[in-house]
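Take 1 as the starting number for the sequence shown in full-length UniProt numbering and just add one per residue. Glycine is no exception: its CB is placed at the ideal position from the N, C-alpha and C atoms.
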Amino acid sequence: MKKKTTTRNKSILWMVIPILFVLFIFTAKGWHFTDRVYMNSGGNTGITKIFDLVEITLKDIYIEAEEEDIITLYSESSSSDETISASLRWGDNPFEREDIQLGFRGNSTKLLPKKPLSVTFDKSQDILYGSDRLNLNAMYTDPTMMQERLSMDLFRELGQPAPRTQYFNLYINGVYEGLYLHVERVDKNFLREAGLNPKATLIRDEFRHNMDNEHIDSFSVFGTDLSGLEDPTEVLMNASSYRGEPNWDAYAEFVQWVYDTPAGPEFHKGFMKRVDVDNFIDWLAVHYLVRDVDSYADDYWLYLDHVDSKAKWKFIPWDKDLTFGSGWREDVGVANHYLAYENSITSRDVLGNELIVKFKDTPELMNRLYQRIDELMGEVFPLSYFINKIKHISEVIEDWVEITPDKDNFVIHPYNHHGNVGDFSYYLERLLDFIELRYAFLEREINTIEGNTYEAFADLSEVVDTALLVDSNGFVIAKWTPNHLPIIGILKIQVMEKDGINGINRMWIIDYDGEETTGELTLFYRNDLGKDRNWYKDLTPVGSQWSLKMVEVINDDYRQLKTRVNPYSNKATATVTLKGNHTFLLIE
């Protein structure tokens, strides 16, 4: 599907239709539910696939180790791969203990206060789908503690190979040390369980972590010229993780073909010959849905059934903690409350992965990606899908996410995540807001318009429930939910800089040419760019934004409105009546 450009300022309207899903409505008291679902009025009008809910389980695990060994482990350098001997008991089996080796896992996450843990058993475990490895991700950077779970489920529900996940409550020497997510190890057991060849080639690109190698000058193997190397296999082996006995020649051929082949018809032909195109497009499309911008260098496994001469490369996702608006910031690292949703599908900032760059520069392939993203948003994973999943997961984990440190909890680790206990409902709202905002941004990327930055309009006669006012760059300026329908009229909005404001240094100017209408107005502001480009007065993700109030400017006077704020979503909401011209501010 080609990108479409029009001169008409097409608003992105999100319709509500009754189906058997549950919509979260956030109030000061928590989450309430109605039988409604948002759909994209510019896209599909129905859901072609409704998924059975994947079972969400939460089990207890009890680890026992010598106190001196625990102290030694936690005093090790973050780069250390040292392990200690310990024992583990599954919560539903009070009598049997398993001998284990306990250590840290991950890269940068080892530096965080709550440690991700690796557990190795002496024998396979039925509860781990027959594996002997327990990968306990701490989810410290995710106050919802469900981003990685949601991400992996997306791949699996598309029928693509991806790790299964399970929640565990961890106790160390009788003390509760946090909620964890087990992410299934990608190995021969995983391949067997996924219906793939367990003896096939399985490789993870680790070039990003081997930049000190004189033969490596790219974060990604798919930016590397192997032709001048005396022993390409040795370089690939030393800069990769792998299982079993991969076909290194096949891997080297794939890597070199990517390096040598220009984008366009020749690349398209070779890509279709070598790569499982449906798998790759789903893999890439899901990354754009959840805005995972950290995955393109090393957060995936490559699979090839080299026994089958007709087999093609498949991509298996890995490491999905920095998704749904989360990300690294130079000034605050990865544990922050900034919300970012505007990464472009066409961005070439893919950590040196020329396979993705050339894919994007090949129209035959890129048009298929646009079409698939549009299909996933409208038919397969509409907002209602996430509403239902988030509700289902939160019912299982909320009490544990919100647990507070005391003498019986968190002796080794400080707390579950970097956020504030008591704000779980706001974090869930942020998660749903991200999806709505991200989808609006992606729809604008696929169906481009001409227009000015921070200006948008909506024909309210087309609104079934809610209108998102989105500018030509995909930034969502506002959301309007009228109390009564139908409405006839055009709603225009623009955002302009306003100096001297204690709060958000912008004003929202609305022009509505229809009959008087009352409803809920949500204003979104920028606080996601860093430095001096944000609209909030201070360089902080939250600060004192809880005290923001929406005011309407009337003849140089301010009329304060009852306002509900969610700084994690960069938004403020109030009930207003519209007719003619209006100016709104957000002040403290």
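Query	Result
Reduced DSSP secondary structure (H/G/I, E/B, other) of V476	strand
Within 8 Å, strictly: CB atoms of R243 and D187	yes
Nonlocal neighbours in the same chain, by C-beta distance under 8 Å from residue 589, ignoring five residues either side	With the chain running from 1 to 588 in the structure shown, residue 589 is simply not present.
Extent of the continuous alpha helix (DSSP H) run through K360	354-360
N- and C-terminal bounds of the beta strand (DSSP E) containing D513	503-524
Buried or exposed (CB count within 10 angstroms, at least 16 for buried), M496	exposed
Same chain, Cβ closer than 6 Å to G159, neighbours up to 5 away in sequence not counted	none
Completely contained alpha helix (DSSP H) runs for the segment 219-249, where each covers 4 or more residues	232-238
Three-state class that DSSP yields for G42 in the structure shown	Interpretation of G42 is limited by its pLDDT of 33, a score under 50 that renders its predicted location unreliable; the figure taken from the coordinates is listed afterwards. Correct three-state label for G42: coil.
C-alpha gap between R348 and I356, whole angstroms	8 Å
I47 - DSSP class collapsed to helix/strand/coil	Legend: pLDDT at I47 = 35, less than 50; position of this residue unreliable, value from coordinates given subsequently. In the structure shown, I47 sits in coil (DSSP, three-state: anything other than H, G, I, E or B).
Burial state of F33, where buried means 16 or more other Cβ atoms lie within 10 Å	The pLDDT assigned to F33 is 27, lower than 50, so where the model puts this residue is not dependable; a value taken from the coordinates is nonetheless given after this. Result: exposed.
Closest residue to H287 among Y300, H182, V275, K110 (Cα-Cα distance)	Y300
Distance CB(V401)-CB(N416) smaller than 8 Å	yes
Alpha-carbon spacing of T201 relative to Q545, whole angstroms	51 Å
Rounded straight-line distance, which links the Cα of S472 to that of H484	28 Å
Separation of K492 from G503, as counted between CA atoms	24 Å
Selection from T466, A574, F584 that minimises the alpha carbon distance to D556	F584
Beta carbon of F168 nearer than 8 Å to that of I61	yes
Residue range of the alpha helix (DSSP H) that includes N189	188-193
Cβ-based burial, Q166 [other Cβ within 10 Å; buried from 16]	buried
Test item: CB-CB of H418 and T141 under 8 Å	yes
DSSP state of P363 mapped onto helix, strand, coil	helix
C-beta atoms of R274 and F324 nearer than 8 Å	no
Coarse secondary structure for F21, derived from DSSP in three states	Only weak support is given to the placement of F21: the predicted model assigns it a pLDDT of 34, under 50, and the value that follows is read from those uncertain coordinates. DSSP places F21 in coil when its eight states are reduced to three.
Inter-residue spacing [alpha-carbon to alpha-carbon] between L170 and L229	47 Å
Contacts around M146, its chain only, beta-carbon distance under 6 Å, and the 5 residues preceding and following it disregarded	I393
DSSP-derived helix/strand/coil call for N137	strand
Assigned exposure category for Y525 - 16 Cβ within 10 Å defines buried	buried
Selected residue, minimal CA-CA separation from L339, among E354, E429, R133	E429
Whole-angstrom distance between E455 and G43, CA atom to CA atom	Below a pLDDT of 50, predicted positions are generally treated as unreliable, and G43, at 33, falls in that range; the measurement from the model is reported next regardless. Their Cα atoms are separated by approximately 22 Å.
Chain-order list of residues whose beta-carbon lies under 7 Å from that of D81 (same chain, five-residue window excluded)	G103
K314 - partner residues in DSSP beta bridges	Y303
Endpoints, the alpha helix (DSSP H) within which E445 is located	424-446
Pairwise C-alpha distance: N336 and E330	11 Å
Straight-line gap, Q494 to D225 (C-alpha atoms, nearest Å)	49 Å
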